[in-house]
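For the record, in the sequence shown the residue sitting at position 302 is 302 according to the UniProt record's numbering, with numbers rising by one throughout. Note that CB positions come from ideal geometry on N, CA and C, so glycine has one too.
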Amino acid sequence: MKKFECLYEGTAIQGNPTLLNEIYTELYITESESGEINNDHEVRQIETQSRRAATEDTAIKCNDIFRPLPGQDKPIRTVLTKGVAGIGKTVSVQKFILDWAEGKENQDVQLIFPLPFREINLMKNKKLSLSDLLNFIFPETQEMKISCDEYKVLFIFDGLDECHLSLDFKSKVKLCKVSDSVSVDVLLMNLIVGNLLPSALIWITSRPAAADLIPSECVHRVTEVRGFNEPQKEEYFRKRISDQSLANRIISHLKSSRSLYIMCHIPVFCWISAAVLEKMLSQAESGEIPKTLTQMYTHFLILQTNIKHERDYEKKVKDEDMILKLGKLAFQQLMKGNLIFCDEDLRECGIDVTEASVYSGLCTQIFREELGLYQGKVFCFVHLSLQEHLAALYAHLCFTIHSINVFDRTKQSLFKFFNRKKCNLLCELHQRAVNEALQSKNGHLDLFLRFFLGLSVESNQTLLQKLLTQPESCSYSKEETVEYIKQKIRKNHSAEKSINLFHCLNELGDDSLMQEIQRYLKSGEIRKTKLSFSQWSALVYVLLISEEEMDVFDLKHFIGAQTKADEVFSICYLWLKNPDQFGK
């Protein structure tokens, strides 16, 4: 109870503790059909899920994940819970354990062993028995004989996507005794498969991209944490913000920006928005209220930097230097697809590991260190989107301050020798970033691109001046970049990629294609008009971000006699992929 009763929003060390039961908002969890891999960018998955009809899903409460639903008669031993980063998987685990410890739920379970993968990783080269492993992590079990005949035991493996072990489920090494020593990966495999302690309950959490690391035949139930549904979003802000009048203003503002409100399905984003808007909407503050993702995250960075200034650190670190170092780490690791870093990764970016707590203190709740087994340290950003924002800021500053193209390290200094206007080069750099994002198979640069383009907008340039000493900005004209993105929308026959490019246009403040389509929709002339692919993509985008529910999606409302079948593939594809989103 002492370990799990507090929720540290932000860092585990420097954050202000809040009682979990005071702030906890029930998450929307559903029973899923499979643990199949999903390579879509996680923000794209959130945007898709945000419009799914609740009536199409089987909702399940966190405390009920091991209980069969009506009509299900088979016992549930192993549960795989998937969900994107920051959606609430670890907090769900914490709430499950706290309710159990307080005697409220699952009292048929006598022992729970939480074993985060990021801690088990530090033992990957060890040979241990299950008893050794448990005795080391939980010294209080040394006098206890772990046996499922005597106890009902639950093992919780949190963060499968962070697992560095080679879990070979085809291995023929069979382990049946808790006292036999093997490598940790073989030990876990036998525990999950059921060779070892076959009546023990197993709960594994994972981001969707790693869900298929566990074979489907080893999993009895797959659940998915969807984050907050519409009522839960409002409930979170009303609990988080004590001033209910202010909470109402925050909710109203977020609802006015559909792209921001969609992101509120992620609890971490709600926390970021609450931190920023609570400050901005108070009477003491003035300035433009954030309406785009880039504005929100840039305000958050400024907010955390100001918190650092209010504290006394032994070693003074220039904000600009620290942001560049953190940005370099974020960018390099994003390109490698890494979310967890070791002290060597920090050193490569000029971050002194012994001063890590001071560095993380600069951006108090952006960067964190955690103590694992053997007091080994691992580092990460609080959320993937914070890493993507810092990576984009690093790419932007490398160009504006040092004239470096981060996408072409072999020719990084060539910009300095071109006798050309810097604003023209910035257009070329933006076009390169667009191409890089379009070539990414899993969309891992999609949100980075939105931030990168958004940082060039004048309002965000003004914001950055509160953080950094920047050279005078060139008279950058976004029109060339906007036109380039529109060309890519016309040529690109991928619905998801086109949607992200529309988000990019939104960050740049251009909504010309959307207005064009909305005119057609309002006038009813859309059936008489032969739409181009870019217009079809715009229609898909309008439907995606619309606040209106569609009980029936009827293609006849959009297709006229002039329309060829292949011209509607983008919208049909979207419907086929997300039938719940549009109803019938």
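Item checked: Host alpha helix (DSSP H) of Lys279 (start-end) -> As a working mapping, residue 279 is identified with position 279 in the sequence shown. Segment Pro267 to Met280, the alpha helix (DSSP H) holding Lys279.
Next item on the list: Would you check if there are 3 or more beta carbon pairs closer than 8 Å linking the stretch 94-102 to the stretch 129-146?
Entry: no
Note to self: With a threshold of 6 Å on Cβ separation, who are the neighbours of Asn106 within its own chain once the five nearest residues in sequence on each side are excluded?
What the structure shows: Stepping through the sequence shown from its first residue, residue 106 is reached at position 106. For Asn106, where only same-chain residues beyond five positions count, the Cβ hits under 6 Å are Trp100.
Notebook entry, point to check: Taking Lys293 as the reference, which of Ile112, Glu26 and Ser459 has the closest Cα?
Noted result: The residue labelled residue 293 in the question sits at position 293 within the sequence shown. What sits at residue 293 in the sequence shown is Leu, not Lys. The option with the nearest alpha carbon to Leu293 is Ser459.
Check: When the Cα of Gly88 is compared with those of Ser498, Phe66, Leu27 and Glu344, which residue comes out closest?
Finding: Residue 88 sits at position 88 when you count from the first residue of the sequence shown. Of Ser498, Phe66, Leu27 and Glu344, the residue nearest in Cα terms is Leu27.
Notebook entry, point to check: Where does Leu19 fall in DSSP's three states?
Noted result: Locating residue 19 in the sequence shown gives position 19, where the first residue counts as 1. In the structure shown, Leu19 sits in a strand (DSSP, three-state: E or B).
Item checked: Whole-angstrom C-beta distance between His220 and Val79, which should lie under 8 Å -> In the sequence shown, residue 79 corresponds to position 79, counting from 1. In the sequence shown, residue 220 corresponds to position 220, counting from 1. That belief holds up - the Cβ atoms of Val79 and His220 are roughly 7 Å apart, short of 8 Å.
Notebook entry, point to check: With burial defined as no fewer than 16 other Cβ atoms inside 10 Å of the residue's Cβ, what is the status of Lys318: buried or exposed?
Noted result: Working through the sequence shown from its first residue, we reach residue 318 at position 318. When all chains shown are included, Lys318 counts as exposed.
Item checked: Whether Glu224 touches Lys82 by CB criterion (7 Å) -> Taking the first residue of the sequence shown as 1, we reach residue 224 at position 224. Taking the first residue of the sequence shown as 1, we reach residue 82 at position 82. Yes; because the gap between Cβ atoms is below 7 Å, this pair is in contact.
Notebook entry, point to check: Any chance the stretch 259-266 sits against the stretch 225-237, with 3 or more Cβ pairs inside 8 Å?
Noted result: yes
Checklist line | Residue from Glu31, Arg67 and Val173 with nearest C-alpha to Gly194 | finding: Here residue 194 refers to the residue found at position 194 of the sequence shown. Among Glu31, Arg67 and Val173, the Cα nearest to that of Gly194 is on Val173.
Notebook entry, point to check: With which residues is Ser32 paired in a DSSP beta bridge?
Noted result: As a working note, residue 32 is residue 32 in the sequence shown. In DSSP, Ser32 forms a bridge with Val222.
Next item on the list: Measure how close the beta-carbons of residue 588 and Cys504 come, nearest whole angstrom, since I'm counting them as under 8 Å.
Entry: Any property of residue 588 remains undetermined from this structure, which presents the chain solely from 1 to 584.
Item checked: Length of the line joining the Cα atoms of Ile302 and Asp243 -> Counting from one through the sequence shown, the residue named residue 302 turns up at place 302. Counting from one through the sequence shown, the residue named residue 243 turns up at place 243. The straight-line gap from Cα to Cα measures roughly 23 Å.
Notebook entry, point to check: For the candidate residues Gln72, Val93 and Lys466, whose alpha-carbon lies nearest to that of Ile29?
Noted result: If you number the sequence shown from 1, residue 29 lands on position 29. It is Val93.
Check: Is Leu390 closer than 7 Å to Leu326 when the C-beta atoms are compared?
Finding: Numbered from 1 along the sequence shown, position 326 holds the residue referred to as residue 326. Numbered from 1 along the sequence shown, position 390 holds the residue referred to as residue 390. Contact flag set, yes.
Check: Going by beta carbon distance, what residues of the same chain come within less than 7 Å of Asn419, once the five residues before and after it are set aside?
Finding: Along the sequence shown, read from residue 1 onward, the residue named residue 419 stands at position 419. Reliability of the predicted coordinates at Asn419 is poor, the pLDDT of 43 falling under 50, and no value is obtained from them.
Margin query: If I measure Cβ to Cβ from Glu388 and keep anything under 8 Å in the same chain, skipping five residues before and after, which residues do I get?
Written below: If you number the sequence shown from 1, residue 388 lands on position 388. Its chain contains Ala330, Leu334, Leu447, Phe448 and Phe451 as the residues whose beta carbon lies nearer than 8 Å to that of Glu388, once the 5 sequence neighbours on both sides are disregarded; these appear in chain order.
Margin query: Three Cβ pairs or more, each shorter than 8 Å: is that satisfied between the stretch 115-126 and the stretch 159-169?
Written below: Yes, the stretch 115-126 touches the stretch 159-169.
Notebook entry, point to check: Applying the criterion that 16 or more other CB atoms from any shown protein chain within 10 Å of the CB defines a buried residue, is Thr58 buried or exposed?
Noted result: Taking the sequence shown and counting its residues from 1, one reaches residue 58 at position 58. So Thr58 ends up on the exposed side.
Checklist line | Local Cβ density within 10 Å of Asn21, reported as buried at 16 or more and exposed below that | finding: Numbered from 1 along the sequence shown, position 21 holds the residue referred to as residue 21. Exposed, because fewer than 16 other Cβ atoms sit within 10 Å of the Cβ of Asn21.
Next item on the list: Compute the distance between the beta-carbons of Val153 and Leu111, then report whether it is under 7 Å.
Entry: Here residue 153 refers to the residue found at position 153 of the sequence shown. Here residue 111 refers to the residue found at position 111 of the sequence shown. For Val153 and Leu111, yes; Cβs fall inside 7 Å.
Notebook entry, point to check: Based on Cα-Cα distance, which residue from Phe300, Ile137 and Ile76 lies nearest to residue 601?
Noted result: One cannot answer for residue 601 here, as it falls past the ends of the chain, which runs 1 to 584.
Check: Can you name, in chain order, every residue of its own chain whose Cβ lies under 7 Å from the Cβ of Ser179, other than the five neighbours on each side?
Finding: On the sequence shown, position 179 is the one that residue 179 refers to. Contacts found: Ser129 and Ser131.
Check: What separation, rounded to the nearest whole angstrom, lies between the Cα atoms of Pro198 and Leu191?
Finding: Here residue 198 refers to the residue found at position 198 when the sequence shown is read from its first residue. Here residue 191 refers to the residue found at position 191 when the sequence shown is read from its first residue. Rounded to the nearest angstrom, the two C-alpha atoms are 8 Å apart.
Notebook entry, point to check: Among all the DSSP beta bridges, which residues are the ones paired with Ala59?
Noted result: As a first step, residue 59 must be located in the sequence shown, where it is residue number 59. Ala59 is bridged to Thr30.
Notebook entry, point to check: How big is the Cα-Cα spacing for Arg249 and Leu281?
Noted result: Here residue 249 is taken as the residue at index 249 of the sequence shown, counted from 1. Here residue 281 is taken as the residue at index 281 of the sequence shown, counted from 1. In a straight line, the C-alpha of Arg249 is about 8 Å away from that of Leu281.
Item checked: N-terminal and C-terminal residue of the alpha helix (DSSP H) that Leu334 is part of -> On the sequence shown, residue 334 is found 334 positions in, with the first residue counted as 1. From DSSP, the alpha helix (DSSP H) with Leu334 extends over Asp319 to Lys336.
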